[in-house]
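For the sequence shown, the residue numbers in UniProt numbering are 1 to 145.
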Amino acid sequence: MMPQRFMSKLDTHQIQFDKDRTITVKVVDEAAMVSPYLAELKSLIGTSTAVGLSVRYAPYADRSLLADSRYPSMLQLSVGTRFLLIQLRRLDSIPECLKEFLADPEICFVGVSSTRFARRMLKTYCEIELTNGIDVSDLAAKVLN
1 MMPQRFMSKL
11 DTHQIQFDKD
21 RTITVKVVDE
31 AAMVSPYLAE
41 LKSLIGTSTA
51 VGLSVRYAPY
61 ADRSLLADSR
71 YPSMLQLSVG
81 TRFLLIQLRR
91 LDSIPECLKE
101 FLADPEICFV
111 GVSSTRFARR
121 MLKTYCEIEL
131 TNGIDVSDLA
141 AKVLN
């Protein structure tokens, strides 16, 4: 197996957002790589910083797999201009560090229109407890009402 310090460079993508900002995206498809990337993302969280959260599901062309279509395929986390994309379906196991990160009551996770659904699906299929999730849609409705 390739050393971790080399692996970490293979899955990192720099995207020029505008002339002043570059977005860094790290893609993880091995359980062993989740911990160092998550530690890096966690180090960017300030006292008033929220972590962006989104859960994606892969569509199936094969109808026989339809019962499994609700299994989350990707977890997207972001802090500022740093993004971590965890390909859940490709992991051989769900790392404890990911479960602990998402269950941390000190971290505010923010998503759009899917936080409740994401919470239920992550718990059901991945045994991940999302403790502190806020749905921006609900928040906007309260503010604008």
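Glycine residues also receive a C-beta, built at the ideal position from the N, C-alpha and C atoms.
Measure the C-alpha to C-alpha separation of residue i and residue j and round it to an integer number of angstroms.
i: residue 72; j: residue 88; result: 7 Å
i: residue 118; j: residue 54; result: 8 Å
i: residue 122; j: residue 93; result: 13 Å
i: residue 26; j: residue 142; result: 34 Å
i: residue 74; j: residue 56; result: 5 Å
i: residue 66; j: residue 43; result: Any reading at residue 66 must be qualified, since the residue scores a pLDDT of 49, below 50, and its modelled position is unreliable; no value is offered.
i: residue 22; j: residue 48; result: 22 Å
i: residue 82; j: residue 145; result: 33 Å
i: residue 34; j: residue 52; result: 17 Å
i: residue 137; j: residue 112; result: 6 Å
i: residue 148; j: residue 95; result: Here the chain covers residues 1 to 145 and nothing more, so residue 148 does not appear.
i: residue 41; j: residue 77; result: 9 Å
i: residue 91; j: residue 31; result: 5 Å
Going by DSSP, what residue range makes up the alpha helix (DSSP H) through residue i?
i: residue 102; result: 96-103
i: residue 142; result: 136-144
i: residue 41; result: 31-42
Do residue i and residue j have their CB atoms nearer than 8 Å?
i: residue 130; j: residue 101; result: no
i: residue 38; j: residue 85; result: no
i: residue 107; j: residue 45; result: yes
i: residue 14; j: residue 24; result: yes
Using DSSP with H/G/I as helix, E/B as strand and the rest coil, what is residue i?
i: residue 54; result: strand
i: residue 82; result: strand
i: residue 126; result: helix
Report, in whole angstroms, the separation of the C-beta atoms of residue i and residue j, which I expect to be a contact under 8 Å.
i: residue 135; j: residue 116; result: 6 Å
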